[in-house]
Amino acid sequence: MAIIAHDVYDCFDSLFQDKHIIPDSLKLVWLKQAVSRYEKELSVALDFDDTLMEFGDDVDYYDMETLAWIMKELYQTREVSKANKTPRIVSKDISVDGADGVKKYLNSELEEIKKVVIDRINNCKSTAYN
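Going letter by letter, the sequence shown gives residues 1 to 130 in my numbering.
Right, dumping it as structure tokens:
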């Protein structure tokens, strides 16, 4: 059975918990970006049909999870961007930034996600022993 886009969405949704529901239209944009990156980095075609919203037969669950992790990286990048746009109050004697701790946390989480994505992509690459 072919993997469909909603399978990747479900995997993506299972990676974290968010207060807000992320619209499928945004998930589709991230999925297309994830497919593009995956295909570019690994020089393989996933044969994603965006009208039928399904992948070719060669896509397995590890590929699906890797796409979900790439989508999570895109999501986290967006969250970091939102946090960086929070207002700051700066005066002569004091500087107040209500989200300074949040920014550090989001950036460190983004770095951890990037490491996972790199590891997963490297695991998909063929070795010299193949």
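We treat Cβ as the ideally placed atom computed from N, Cα and C, and that holds for glycine. All values reported here derive from a predicted model rather than from experimental measurement.
- The beta carbon of D7 is closer than 8 Å to those of M64 in its chain, skipping five residues each way along the sequence.
- DSSP, reduced to helix, strand and coil, places D60 outside both helices and strands of the structure shown, so it counts as coil.
- Taking 9 Å as the cut-off, the beta carbon of I3 is found no closer than this to the beta carbon of D50.
- The beta carbon of Y38 sits closer than 7 Å to those of L46, T66, L67 and I70, all from its chain and outside the five residues before and after it, given in chain order.
- A34: member of the alpha helix (DSSP H) spanning D24 to L42, first to last residue.
- For I21, the three-state secondary structure derived from DSSP is coil.
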